[in-house]
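In the working numbering, the protein residues as written are 129 to 277.
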């Protein structure tokens, strides 16, 4: 029972089992999670995000160990957990820009983001997505600022 629950959550409610672009599928689940979080105040938003990220570290590490792989492609809880970081505080259609940039940084994995995958266990699985989310949010906010000038 526990293993099935971990598999369900680690795969983003099985979205990571799609045959093409499982990371994108997990990120789309993250959009739903972000949309729900938007209705909470800022303090609750960030408390829930931190708790879910910590859970994602544990869950992805357990799933990877059970599957005998360092970072199985079907484990997408890391993408799901990172989306609200990428989209934090974005209004209007800027969330779409942030989402696309998150996917670009997550797939491209520029230096720094790529190296974070070397962290042990679930930390290595989740850290690159968090850094991609921070980069996406930062770049999107710069774009918002430039457009508003």
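Idealized CB from N, CA, C, for every residue including glycine.
Query	Result
Quick one: what does DSSP say residue 240 is sitting in, helix, strand or coil?	coil
Please work out which residues of its chain come closer than 6 Å, Cβ to Cβ, to residue 150, disregarding the five sequence neighbours upstream and downstream, and give them in chain order.	144, 201, 202 and 204
Taking the straight line between their C-alpha atoms, what separation do you get for residue 171 and residue 234?	26 Å
Nearest to residue 222 by CA position, among 166, 272 and 163, is which residue?	272
Where does residue 257 fall in DSSP's three states?	helix
When we look at the beta-carbon of residue 147 and count the other beta-carbons within 10 Å, is it buried (16 or more) or exposed?	exposed
Which two residues bound the contiguous alpha helix (DSSP H) that contains residue 198?	Where residue 198 is concerned, there is no enclosing alpha helix (DSSP H), given that its DSSP letter is neither H nor E.
From residue 217 to residue 269, what distance separates their C-alpha atoms?	9 Å
For the alpha helix (DSSP H) that contains residue 208, what are its first and last residues?	205–214
When the Cα of residue 279 is compared with those of 159, 183 and 161, which residue comes out closest?	Residue 279 falls outside the range modelled here, since the chain spans only 129 to 277, and no answer is possible.
Output yes or no for whether 9 Å exceeds the beta carbon distance between residue 257 and residue 219.	no
Which stretch, first to last residue, makes up the alpha helix (DSSP H) that contains residue 135?	130–138
On the premise that residue 261 lies in contact with residue 230, defined as a C-beta separation below 8 Å, what is that separation, rounded to the nearest angstrom?	6 Å
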